[in-house]
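Protein sequence lines correspond, in order, to chains A and B. Counted from 1, the first sequence has number 59 at position 59 by this note's numbering; the numbering is strictly sequential. Going from the second sequence to this note's numbering is simple: count from 1 and add 357. Ideal Cβ placement from N, Cα and C applies to all residues, glycine included. To start, the structure under review is shown below, and the notes come after it.
2 protein chains.
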Amino acid sequence: MRTGKQSSRRRAGVPLMRRGDRRTLKTLSGALASLLLIAQAAAQTNWLPSWNEGAAKQAVQKFVQSTTDPASAQFVAPEERVATFDQDGTLWVEKPMYSQVVYCLDRVPALVKENPALAQTEPFRTVLSGNRAAIAHLPTDELLKIVPAALSGMRVEAFQQEVRDWLAKARDPRWHRHYTELTYLPMVELMKYLRANGYKTYIVTGGGQDFVRVFAQQIYGVPPEQVVGTAGETKYSYGNDGKPILVKEPKLLLNDDKAGKPEGIHMMIGRRPHAAFGNSTGDREMLEYTRAGGGARLAMIVLHDDAKREYAYGPAQGLPDSQVGTFTQALYDEAQKDGWVVISMKNDWRQVFAFAP
Amino acid sequence: MRTGKQSSRRRAGVPLMRRGDRRTLKTLSGALASLLLIAQAAAQTNWLPSWNEGAAKQAVQKFVQSTTDPASAQFVAPEERVATFDQDGTLWVEKPMYSQVVYCLDRVPALVKENPALAQTEPFRTVLSGNRAAIAHLPTDELLKIVPAALSGMRVEAFQQEVRDWLAKARDPRWHRHYTELTYLPMVELMKYLRANGYKTYIVTGGGQDFVRVFAQQIYGVPPEQVVGTAGETKYSYGNDGKPILVKEPKLLLNDDKAGKPEGIHMMIGRRPHAAFGNSTGDREMLEYTRAGGGARLAMIVLHDDAKREYAYGPAQGLPDSQVGTFTQALYDEAQKDGWVVISMKNDWRQVFAFAP
């Protein structure tokens, strides 16, 4: 019996082993067979179920196939597989206002409590009034005065905790969902698909790096070290107990928008992306920089043309103009000329959010 | 015969398969058996053959064991396993002068060719003279005027090529080796040991980020995105052909030294290291910051007390004072008090370089 087993195993290409190893091998062979089935299943998985068939989905699939097939002329070495994603308007909703701006507005009462004199100055006075119409009419540059005040002056750990607390309770005004639910399901699928093919997915956002790092792992599967964003300085010092602390300063270090995106990518990653995804004029330079590399480079840009399920804004293609997430006709024309793929939310996405629309 | 094979395979826990799958499984079973042997070998590998037995080696081994054993109270989740390494004096030789300063000096003739007026100004005039004694006597802050001039004004790709060309030909004055050969073998072993245990190894250097990124993968196995260093701004613009370019600017963005190290770590990684390695006052804040985290945190500091095989400098422990890589007695005392492990080059390292001493 022993001999028979050994000889059949020898025929199966398995080297002879001692009794202890044999038991391990049994378990591992079982595990291997399961893995084999999983691998076969993975190859057949529809990674993009929320995408409609069409040019956008095909462009993604073709890019992944040609850059991961070692026999392809466009093969990209695994360590060079970098994909960068804008966040606001590309991965989650940016209307009617950036989520981070809502966070800053919600922080105003606490800021005024710490510094009562603020209550007499704009834009804090208007924000405190709670008059939504008046707040909506504040000029953007006036409104943005709140941002450095709301995002600095505390230890980095205290800031992270405040953001976590806010995310747990705040709800958006249209769907009454947590902001972290307002991610676009097709883009989350796309990130997973790229990662399953060896791509490192980075977020490259004009939003706050420290802000986005709090939830990027949970909602996108992107770890803190792969979040590049607008960043203020921090200052190293010592607390009352003599322990080292890092305090967030109101001084801008990296403005990760427009030309700041490729500059930030060079600073933080040191490699040119092979794929980049955006939705507005703030992403133009990142998409240009990506496309200008050699070999296969995928640039895609989301067009918000779906007022029913999300929002419709441009002003490209005759869509309503917008101060937030502006997608100009000139940008649309550059996309056509430079070979970027425009993603029509209306036509290319079968489903927009995990929760429904 | 077929039936016998199937039944023995069924006993081995392998599900029945079709003929095509069977062949794949044969190959994979062979590969699996090999992997099993490799895994067993890895567990028994002496990862630190260039270390002498002693407190330093034991501290490393104990740290790795306790943070990677899921049953340990000090277990660290794989994604939190971050180890940061200073470069100059910790991973490679920094004497008699930082390699990057030598690079900058070697660039002076090219700089003067581009801008002949420089030849009449200090420190360029002295450097051009080739008088080694006079160059050695230039005050450090005078000498450092060359650095921004040597490291900016060109496209990032052109800079990378210049560094590669320089590394291929430049030799150090003592061992007449390429600078990339002057890495400390025990530290390279330590990085591999940590990586084999799920740690992400980062370089956190006061040296230039773009400079170190050129060779970090090749000599340390550290990819560009895991090099944090002193960084100047880059400027995004368009070349004569209309293609996007990034040009290195002479403006400092991140001074990754002293307090700048934990600040840079927060900016670039967004996680507090569980292990950090340095050798001078420039690493103090990084080591403090690392130790101040909860759970197991390893801080180690290299003491250059080996004039025979490398260099001896402090002034800690009565060693000669040094402007480069200063290790003060106060730092030594802090190491003792805060539980950092001092690595004595003389006593803890069996071999210093791969090439010999």
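For A/E94, there are no neighbours in chain B by C-beta distance under 8 Å, as the nearest C-beta there is about 23 Å away. Contact note: B/Y455 does not reach chain A at a C-beta cutoff of 9 Å; the least C-beta distance is about 21 Å. If you check each beta-carbon in the stretch 257 to 286 of chain A against every beta-carbon of chain B, the ones closer than 7 Å belong to A259, P262, E263, H266, M267, M268, I269, G270, R271, E285.
Non-local beta-carbon contacts of B/T424 in its own chain, meaning distances under 6 Å to residues more than five positions away in sequence, involve Q431, V433, A653 in chain order. Taking the beta carbon of A/P224 as reference, the chain B residues within 8 Å of it are I626, G627, R628, listed in sequence order. Per DSSP, reduced to three states, the secondary structure at B/F634 is strand. For A/A168, no beta strand (DSSP E) segment is defined; the enclosing uninterrupted segment is the alpha helix (DSSP H) at 156 to 169. Short of 8 Å from the beta carbon of A/F124, and not among the five residues preceding or following it, lie these beta carbons of its own chain, in chain order: V108, L111, V112, L118, I146. Look at B/T478 here: in three-state DSSP terms it is coil, with no helix or strand label. Taking CB atoms only, A/V156 has a neighbour in chain B less than 8 Å away.
A check of alpha carbon separations from A/F85 across A/V212, A/A150, A/E157, A/Q61 identifies A/V212 as the nearest.
Annotated three-state conformation of B/E667 is coil, per DSSP.
In the DSSP annotation of this structure, B/T497 is not part of any beta strand (DSSP E); the continuous alpha helix (DSSP H) holding it starts and ends at 497 to 500.
Listed by position along chain A, the residues whose Cβ is nearer than 8 Å to that of B/K600 are A292. The shortest CA-to-CA distance from A/H266 to any of B/V484, B/D567, B/P607 is the one to B/D567. Taking 8 Å as the threshold, the shortest C-beta distance from A/V60 to chain B does not fall below it. For B/A428, the number of other beta carbons within 10 angstroms of its own is below 16, and it is reported as exposed. Linking B/Y541 to A/T290 through their CA atoms gives a straight-line distance of about 37 Å. Closest option to A/V204, judged by alpha-carbon separation, among A/T140, A/V342, A/G229, A/W92: A/G229. According to DSSP, residue pairing for A/S237 in a beta bridge involves A/I245. Shown here, B/V450 sits in coil according to DSSP, grouped into three states, outside any helix or strand. Under the DSSP definition of a beta bridge, A/A83 partners with A/T201, A/A275. Shortest Cα-Cα distance from A/D338 to any of B/P601, B/L524, B/V709, B/P630 involves B/P601. Out of B/P406, B/A412, B/W404, B/E451, the CA that lies nearest to the CA of B/S637 is found in B/E451. Three or more beta-carbon pairs separated by less than 8 Å link the stretch 656 to 673 of chain B to the stretch 626 to 637 of chain B, which places the two stretches in contact. Here B/S456 is buried, its C-beta having at least 16 other C-beta atoms within 10 Å.
Within the same chain, and ignoring the five residues on either side of B/I700 in sequence, the residues whose Cβ sits closer than 6 Å to its Cβ are A413, M657, V659. Its chain contains A632, A653, L655 as the residues whose beta carbon lies nearer than 7 Å to that of B/F420, once the 5 sequence neighbours on both sides are disregarded; these appear in chain order.
In this chain, the alpha helix (DSSP H) harbouring A/A196 covers 185 to 196.
For A/A56, the enclosing alpha helix (DSSP H) has its first and last residue at 55 to 68.
When 7 Å is used as the limit between beta carbons, A/R213 is near these residues of chain B: G627, in chain order. Near chain A, meaning a CB-to-CB distance below 7 Å, no residue of the stretch 679 to 691 of chain B qualifies. Among the residues facing chain A, B/E645 is included, as its CB has a counterpart in that chain under 8 Å away. Restricting attention to A/G239, A/R309, A/E249, A/A216, the CA atom closest to the CA of A/L167 is found in A/A216. The shortest CA-to-CA distance from B/L609 to any of B/A588, B/Y593, B/A616, B/E620 is the one to B/A588. Contacts with chain A at 8 Å (Cβ-Cβ) include B/E436.
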